[in-house]
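Asker: Just so you know, this note's numbering puts 326 at position 323 of the sequence shown, and the rest follows in order with no gaps. Just so you know, even glycine gets a beta-carbon here, dropped at the ideal spot from N, CA and C. This one's a predicted model, so the numbers in the text were calculated from it and none came from an experiment. First, the structure itself, so that you have it in front of you.
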Amino acid sequence: MNNAPYLSLLIATPLLGAFLTALFAKRLQGRHAKQVGLGISLLTLVLFIYVALQYELNSPSQFQLVEKYSWIPSFGVNYALGVDGLGLLMLAMTIVLVPVVLLAGWNDIAEEDTSRYVSLVLALEAVVIGVFTATDLFLFYVFFEAMLIPMYFLIGRFGGPERRRAAIKFLVFSLIGGLVLLVALISLWVTSIKLTGVGSFDLEFLSTLGIDPGTQRWLFFGFFFAFAVKAPLVPVHSWLPDAAAQATPGSAVLLIGILDKVGTFGMLRFLIPIMPDASVDLAPVAIGFAVVSIFYGAVMAIGQNDMKRLMAYVSISHFGFIVLGIFAFTTQGISGSMFYMLSHGLSTAALFLAAGYLFHRTKSQQIDEHSGVFQVTPLLAGVILFGALSSVALPGLASFIAEFTVLLGAFARYPIVAAIATIGIVVAAVYALWLYQRTMTGHPSANVTNISDLDGREVIAIAPVIFLTILLGLIPQPVFNLVNESAELVMESSNVVDPPSLVDQGEK
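Quick look at the structure:
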């Protein structure tokens, strides 16, 4: 039974916009291309709001708004879409951030290249929506690999002087991860034939296979490697600082704020439900990578002179916290990780876009070439301070709720590990204060003296991110209401129960 194709419409709207923008590239130049792109992204947002209103909390079905059509029946491949609370949250983050990126980067792209840039952003939005809604693993893989194409060109065509090298490095790492994932998918399909006589990529079918622990372990390593590259986790992270440093600020938001969530999303959506025994047995290994990422990212951030490289390393540290919450295997930790995925998208957007405003004015992203920004542009300096404080989880902001919840969940099962990870928060405060002190305070540097403060467009573009970061920091419960059921299903699929302390807390 198929519902109205709401999710397909969500994919088709930006995809059609991307096609038309590319088709009429010669006619749609400069301001007109920007207006069309912004209009299509806002239309997608309106459609999403309508779709979200169809979603029912506490539904007996894991997935809602389901669409399922036979695609390649000889291989058991279906065009299958559906959303749960986590998927809906990721859709919201993606569809809100795209118009923000387009409006904030209004003047970042040369007039003659605007239509190409807009087309690539809309195409990327379409395939990411597909990733977050696919419930057939083959379809997920198609979208997973398709993301590389627009992102490669967004970095390689519109980035900094080393953009081509950074784009190729991004592509190579991503293709290696994708190849490993493809091998794991084929192995999983063969396993389904051996166990049931039927080859299938359907998530719900594969989740009930009862794969033996040995096979699960090999499959786990394949899936985890691919998702760790995308997340990214140390040691398969080195592509991110290069890509973020060379991408435009808007493209960096799309890369780190949205695309990288596909890695942690894949762990929650596919890895744990299909390979539950291996996920539990190898959780300490995943947590080890997470803790290393937390500290490595934080320490490396302190040593950077390039602001965007600094922010990329900060994100590596943040993804360590997300993975820690996932593999702590507590309902609270998993819910916190889901919330963290959203809050990180918002904090990344705030910091990268605000810094991008500064780079556009000074033509530099080197920390030692900026000082005294607050004296000249107090509003811009204030927005950068907000982004920095959001990235270090200031109480009252969404990132604090996320980090606090993850650590509470981790403490319940791995108290020593959680205590060690908490030290990473202190290191985070160091790089945030260091960045602000060096760039915003003191006597204005030569390239800062004559710059202007934020204009109306720039304020309007970043205002939704700031508003949501504060709102969700003060009223986080609606998000937890949305994702708690998804977290409970992940726990149920893993056959792990919460530690007694959390159970007692829930009963109170």
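What are the boundary residues of the alpha helix (DSSP H) that includes K264?
Answerer: One-based indexing of the sequence shown puts residue 264 at position 261. Residues K264 to G269.
Asker: Quick one, are the C-beta atoms of L400 and T472 less than 7 Å apart?
Answerer: By 1-based counting over the sequence shown, the position of residue 400 is 397. By 1-based counting over the sequence shown, the position of residue 472 is 469. Yes, these two residues count as a Cβ contact at 7 Å.
Asker: Can you list, in chain order, the residues of its chain with a C-beta nearer than 7 Å to that of Y9? Leave out the 5 residues immediately preceding and following it.
Answerer: Position 6 of the sequence shown holds residue 9. Hits under 7 Å: V54, Q57 and L68.
Asker: Report the CB separation of L327 from A424 in whole angstroms; it is logged as a contact under 8 Å.
Answerer: In the sequence shown, residue 327 corresponds to position 324, counting from 1. In the sequence shown, residue 424 corresponds to position 421, counting from 1. That belief holds up - the Cβ atoms of L327 and A424 are roughly 6 Å apart, short of 8 Å.
Asker: Mind checking F223: buried by the 16 CB within 10 Å criterion, or exposed?
Answerer: Here residue 223 refers to the residue found at position 220 when the sequence shown is read from its first residue. That one is buried.
Asker: Given this structure, state the Cα-to-Cα distance separating P238 from V265, to the nearest angstrom.
Answerer: Taking the first residue of the sequence shown as position 1, residue 238 is located at position 235. Taking the first residue of the sequence shown as position 1, residue 265 is located at position 262. P238 and V265: Cα-Cα distance of roughly 18 Å.
Asker: Could you give the residue range of the alpha helix (DSSP H) that holds V379?
Answerer: As a working mapping, residue 379 is identified with position 376 in the sequence shown. Taken as a continuous stretch (DSSP letters only), the alpha helix (DSSP H) holding V379 covers V376 to V379.
Asker: Could you tell me if E510 is buried or exposed, where buried requires 16 or more neighbouring beta carbons within 10 angstroms of its beta carbon?
Answerer: Translated into positions along the sequence shown, residue 510 becomes position 507. With a pLDDT of only 44 at E510, under the threshold of 50, the placement of this residue in the model should not be trusted; the figure read from the coordinates follows. Looking at its Cβ environment, which holds fewer than 16 other Cβ atoms inside 10 Å, E510 is exposed.
Asker: Apart from the five residues on each side of it in sequence, which residues of its chain come closer than 8 Å, Cβ to Cβ, to V175?
Answerer: Along the sequence shown, one-based indexing puts residue 175 at 172. Within the same chain, V175 has close Cβ partners W242.
Asker: On a Cα-Cα basis, can you pick out the residue from I370, L356 and L285 that is closest to R460?
Answerer: For the purposes of this step, residue 460 is taken as residue 457 along the sequence shown, with counting starting at 1. Closest option to R460, Cα to Cα, is L356.
Asker: When you compare only the Cα positions, how much space is there between I152 and V124?
Answerer: For the purposes of this step, residue 152 is taken as the residue at position 149 of the sequence shown. For the purposes of this step, residue 124 is taken as the residue at position 121 of the sequence shown. Cα-Cα distance, rounded: 11 Å.
Asker: Counting C-beta neighbours from all protein chains within 10 Å, is the total for T138 16 or more, i.e. buried, or is it exposed?
Answerer: If you number the sequence shown from 1, residue 138 lands on position 135. Burial call: buried.
Asker: CB G260 to CB G348, shorter than 7 Å?
Answerer: Your numbering for residue 260 matches position 257 in the sequence shown. Your numbering for residue 348 matches position 345 in the sequence shown. For G260 and G348, yes; Cβs fall inside 7 Å.
Asker: Compute the beta-carbon to beta-carbon distance between A391 and L354, rounded to the nearest angstrom, for a pair I have assumed lies under 8 Å.
Answerer: Along the sequence shown, read from residue 1 onward, the residue named residue 391 stands at position 388. Along the sequence shown, read from residue 1 onward, the residue named residue 354 stands at position 351. The pair is a contact, with the Cβ atoms about 6 Å apart (cut-off 8 Å).
Asker: Considering Cα atoms alone, identify which of K29, G375, L89 and L492 is closest to S122.
Answerer: Locating residue 122 in the sequence shown gives position 119, counting from the first residue. Comparing Cα-Cα distances from S122 to each of K29, G375, L89 and L492, the minimum goes to K29.
Asker: Could you name each continuous alpha helix (DSSP H) segment of 4 residues or more that falls completely within the stretch 79 to 165, going from the start of the chain to the end?
Answerer: List check, alpha helix (DSSP H) in window: 88 to 107, 117 to 136, 140 to 149 and 151 to 161.
Asker: Considering only residues of the stretch 201 to 280, which uninterrupted alpha helix (DSSP H) runs meet the minimum length of 4 residues and lie entirely inside it, listed in chain order?
Answerer: For the stretch 201 to 280, whole alpha helix (DSSP H) runs of length 4 or above, ordered along the chain, are 206 to 209, 216 to 233, 242 to 249, 252 to 255 and 264 to 269.
Asker: Which partner residues of D309 appear in the DSSP bridge assignment?
Answerer: Taking the sequence shown and counting its residues from 1, one reaches residue 309 at position 306. Bridge partners of D309: Q369.
Asker: Would the stretch 316 to 326 count as touching the stretch 425 to 445 if we require 3 or more Cβ pairs under 8 Å?
Answerer: Flag = yes, the stretch 316 to 326 and the stretch 425 to 445 touch.
Asker: Would you tell me roughly how many angstroms separate the C-alpha atoms of I329 and Y299, rounded to the nearest one?
Answerer: Locating residue 329 in the sequence shown gives position 326, where the first residue counts as 1. Locating residue 299 in the sequence shown gives position 296, where the first residue counts as 1. About 19 Å.
Asker: If you follow the alpha helix (DSSP H) that I75 is part of, which residue opens it and which one closes it?
Answerer: Numbered from its first residue, the sequence shown carries residue 75 at position 72. Careful: I75 lies outside any alpha helix (DSSP H), inside the beta strand (DSSP E) at Q67 to I75.
Asker: Less than 7 Å separating the beta-carbons of A464 and V103?
Answerer: Start at 1 with the first residue of the sequence shown, and residue 464 comes out as number 461. Start at 1 with the first residue of the sequence shown, and residue 103 comes out as number 100. In contact: A464 and V103 (Cβ atoms closer than 7 Å).
Asker: Whose CA, out of G291, F273 and F51, lies closest to the CA of L13?
Answerer: Taking the first residue of the sequence shown as 1, we reach residue 13 at position 10. The shortest Cα separation from L13 among G291, F273 and F51 belongs to F51.
Asker: Looking at the C-beta of S122, does it have a partner C-beta in chain C at a distance below 7 Å?
Answerer: Of the chains in the structure shown, none is chain C; there is only one protein chain.
Asker: Taking only the alpha-carbon atoms, compute the straight-line gap between M4 and F483 and give it to the nearest angstrom.
Answerer: Residue mapping note: residue 4 aligns to position 1 of the sequence shown, counting from 1. Residue mapping note: residue 483 aligns to position 480 of the sequence shown, counting from 1. Unreliable positioning characterises M4 in this predicted model, as indicated by a pLDDT of 45, which lies under 50. The coordinate reading is nonetheless provided below. The straight-line gap from Cα to Cα measures roughly 30 Å.
Asker: Between N453, M93, K366 and T333, which lies nearest to L410 when the distance is taken from Cα to Cα?
Answerer: As a first step, residue 410 must be located in the sequence shown, where it is residue number 407. If we check each option's Cα against that of L410, T333 comes out closest.
Asker: Taking G202 and F78 to be in contact with their CB atoms under 8 Å, please state how far apart those CB atoms are, rounded to whole angstroms.
Answerer: Here residue 202 refers to the residue found at position 199 of the sequence shown. Here residue 78 refers to the residue found at position 75 of the sequence shown. Between F78 and G202 the Cβ distance is about 6 Å, and since that is below 8 Å, they are a contact.
Asker: Excluding the 5 residues preceding and the 5 following T442 in the sequence, name in chain order all residues of the same chain whose CB lies nearer than 7 Å to its CB.
Answerer: Mapped onto the sequence shown, residue 442 falls at position 439. Cβ within range, chain order: I370, H373, S374 and V376.
Asker: Using 10 angstroms around the beta-carbon of F470, count the other beta-carbons present and answer buried if the total reaches 16, otherwise exposed.
Answerer: Walking along the sequence shown from the start, residue 470 turns up at place 467. Per the 10 Å Cβ criterion, exposed.
Asker: Among the residues of its own chain, which have a CB less than 7 Å from the CB of F389, if the five just before and after it don't count?
Answerer: Here residue 389 corresponds to residue number 386 of the sequence shown, with the count starting at 1. Result list for F389: A353 and I469, in chain order.
Asker: Which word fits I196, buried or exposed, when buried means at least 16 other C-beta atoms lie within 10 angstroms of its C-beta?
Answerer: Residue mapping note: residue 196 aligns to position 193 of the sequence shown, counting from 1. Label assigned to I196: exposed.
Asker: What residue from F342, G133 and E495 has the CA that sits closest to A396's CA?
Answerer: Along the sequence shown, read from residue 1 onward, the residue named residue 396 stands at position 393. Cα-wise, what sits closest to A396 is F342.
Asker: Can you tell me whether K511 is helix, strand or coil according to DSSP?
Answerer: By one-based count along the sequence shown, residue 511 stands at place 508. Residue placement at K511 is poorly supported in this model, since its pLDDT is 45, which falls under 50; the coordinates are not used for a value here.
Asker: Find the nearest neighbour of L475 within the set T408, L271 and S402, judged by alpha-carbon distance.
Answerer: In the sequence shown, counting from the first residue as 1, residue 475 sits at position 472. Of the listed residues, the one whose Cα sits closest to L475 is S402.
Asker: Taking the continuous alpha helix (DSSP H) assigned at S44, which residues delimit it?
Answerer: The sequence position of residue 44 within the sequence shown is 41, counting from 1. Where S44 is concerned, the enclosing alpha helix (DSSP H) stretches over R34 to L56.
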